[in-house]
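Peer 1: Submitted below is the structure of interest, expressed as structure tokens.
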């Protein structure tokens, strides 16, 4: 592709803007209806079993929070390293990132309504009779928990609004785009520091503290690895679907597919490294307070799910994405992306639901870990998915599909792998 460099580089408007009558522009309404029906249906189907509802809701919430946080990570890092190839697909990540204010609102019910059903350490009487929880109560208490969650939500909202506003505000304005690019690169390093801290501690608070006797310093990185991997899958799948709808053709090319495929492959390996390291160190140390967390995830009904996670998070995507041709083909990348997103759901279910099953096994006295996947789980997941889809597709239709004001957009469109 060659251009006269004396003329400004202009992308075809019909490739980078979604018109009002498009199905994509109707998706926010469909998403909101799905969200209301899903969450409302999950509550109704739970028949008053608040434990079942809140555990199912937390699974859905942590799945889609990972997508949004992954978008924030992608955006920050691309500015930090001044990447050129990714500019053509960066707006997709920015649109995922700007769902964070909405997802922060979805997190409020967990803090104020579901905490007592989810977190054992909110039971003051139980804490007083438990040596380990009593030792942790300066950190694990409802007041400080809420303060921390508001800090995380505030950081994520401010960062997402800053980077999204800078990027979209300079669309079609090369001079403003140059200033915005310098500003976003300047703030990328401190933003990445805030992102890393907030994500890690949010993973500790929302997920690891479900079982407050267990602890792992690697848990925040574990959740981050899944978030980043899921984001590359989301970007890839969205771009392919937009291509199928007639957008971004000649803008996002096979070369971009190739790099997205490489990141899918690379973060599959990174996730596996983190997950195995956490498992290996804890199992080798053989400390009962730590090993029991894995112990009841390889017991009874949850053992097949653990094997699925091992196969589905590493072996299947690793060998599937090895070949260069797979990473340059839209169909095979679609398969890989859908599989990665599905396994993110499995992963969050595996992290969260065994805690409820363990409590039930102790209370019932049969000490058997039963895994239940019912209408509540499916409806809650669909409900949170609907809200995320509504916010994400609203952002897709609101602005150009690529950051047209970025001074290096031509370089990105003409990018080639070597």
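Residue numbers (the working numbering): 142 to 559. Quick reminder that beta carbons are idealized off the backbone N, C-alpha and C, glycines included.
Go ahead and pull the three-state DSSP assignment for residue 266.
Peer 2: Helix.
Peer 1: Pick from 368, 248 and 160: whose alpha carbon is nearest that of residue 202?
Peer 2: The option with the nearest alpha carbon to residue 202 is 248.
Peer 1: Just the Cα atoms here: how many angstroms apart are residue 548 and residue 320?
Peer 2: Distance between the alpha carbons of residue 548 and residue 320: 10 Å.
Peer 1: Please give me, in chain order, every unbroken run of the alpha helix (DSSP H) with length at least 4 that falls completely inside the stretch 410-497.
Peer 2: Fully enclosed alpha helix (DSSP H) runs of 4 or longer: 429-436, 443-451, 457-461 and 465-468.
Peer 1: Taking residue 197 as the reference, which of 525, 539 and 542 has the closest Cα?
Peer 2: If we check each option's Cα against that of residue 197, 525 comes out closest.
Peer 1: If residue 479 and residue 378 are in contact, beta carbons under 8 Å, what's the gap, nearest whole angstrom?
Peer 2: Rounded, the Cβ-Cβ distance is 7 Å, consistent with contact.
Peer 1: Under DSSP, the alpha helix (DSSP H) around residue 278 begins and ends at which residues?
Peer 2: First-last for residue 278: undefined, no H or E at that position.
Peer 1: Just to confirm, are residue 225 and residue 559 a CB contact at a threshold of 8 Å?
Peer 2: Not in contact: residue 225 and residue 559 (Cβ atoms no closer than 8 Å).
Peer 1: Using a Cβ-Cβ cutoff of less than 7 Å, which residues in the same chain neighbour residue 332 once the five nearest sequence positions on both sides are dropped?
Peer 2: Closer than 7 Å at Cβ, skipping near neighbours: 217 and 300.
Peer 1: Ignore the nearest five residues each way along the sequence and tell me which others in residue 540's own chain have a CB closer than 7 Å to its CB.
Peer 2: Within the same chain, residue 540 has close Cβ partners 309 and 312.
Peer 1: Whole angstroms are fine: how far does the CA of residue 207 sit from the CA of residue 402?
Peer 2: Cα to Cα, residue 402 sits roughly 19 Å from residue 207.
Peer 1: For residue 424, which residues of its own chain have a beta-carbon under 8 Å away from its beta-carbon, when the five flanking residues on both sides are left out?
Peer 2: Closer than 8 Å at Cβ, skipping near neighbours: 432 and 435.
Peer 1: How about residue 389 and residue 156: are their beta carbons less than 8 Å apart?
Peer 2: Result yes, Cβ atoms of residue 389 and residue 156 sit closer than 8 Å.
Peer 1: Taking all protein chains shown into account, decide if residue 294 is buried (16 or more other Cβ within 10 angstroms of its Cβ) or exposed.
Peer 2: Answer is buried; the Cβ neighbour count reaches 16.
Peer 1: Going by other Cβ atoms of all chains shown within 10 Å of its Cβ, with 16 needed for buried, is residue 236 buried or exposed?
Peer 2: Buried, by the Cβ-count rule.
Peer 1: Are the stretch 515-523 and the stretch 278-295 touching, with three or more C-beta to C-beta distances below 8 Å?
Peer 2: Taking 8 Å as the limit for Cβ pairs, the verdict is that the stretch 278-295 does not touch the stretch 515-523.
Peer 1: Which residues bound the alpha helix (DSSP H) around residue 330?
Peer 2: From DSSP, the alpha helix (DSSP H) with residue 330 extends over 315-347.
Peer 1: Measure the Cβ-Cβ separation of residue 405 and residue 183 and say whether it is below 8 Å.
Peer 2: Not a contact, by the Cβ cut-off of 8 Å.
Peer 1: Between the stretch 345-356 and the stretch 268-288, can you find at least three pairs of beta-carbon atoms closer than 8 Å?
Peer 2: Yes: the two stretches touch, three or more of their Cβ pairs being nearer than 8 Å.
Peer 1: Do residue 370 and residue 481 count as a contact pair if the criterion is CB distance below 8 Å?
Peer 2: For residue 481 and residue 370, yes; Cβs fall inside 8 Å.
Peer 1: Tell me which same chain residues have a C-beta within less than 6 Å of the C-beta of residue 318, skipping the five on either side of it?
Peer 2: These residues qualify, in order along the chain: 311, 546, 547 and 548.
Peer 1: On a Cα-Cα basis, can you pick out the residue from 496, 449, 159 and 302 that is closest to residue 437?
Peer 2: It is 496.
Peer 1: May I have the straight-line CA-CA distance separating residue 502 from residue 440, to the nearest angstrom?
Peer 2: About 11 Å.
Peer 1: CB of residue 524 to nearest heavy atom of the ligand MN: below 7 Å?
Peer 2: Here there are no bound small molecules, and the ligand MN is not part of this structure.
Peer 1: Which word fits residue 468, buried or exposed, when buried means at least 16 other C-beta atoms lie within 10 angstroms of its C-beta?
Peer 2: It counts as buried.
Peer 1: Just to confirm, are residue 234 and residue 396 a CB contact at a threshold of 8 Å?
Peer 2: Taking 8 Å as the Cβ cut-off, residue 234 and residue 396 do not qualify as a contacting pair.
Peer 1: So, with DSSP's three-state summary, where would you put residue 297?
Peer 2: Residue state, collapsed to three classes: helix.
Peer 1: Between residue 416 and residue 364, how many whole angstroms is the CB-CB distance? I'm expecting something under 8 Å.
Peer 2: Contact doesn't hold; Cβ gap of about 11 Å is too wide.
Peer 1: Are the stretch 528-538 and the stretch 166-182 in contact at 8 Å, needing three or more beta carbon pairs?
Peer 2: As far as the Cβ criterion goes, the stretch 528-538 touches the stretch 166-182, which means the pair count is three or higher.
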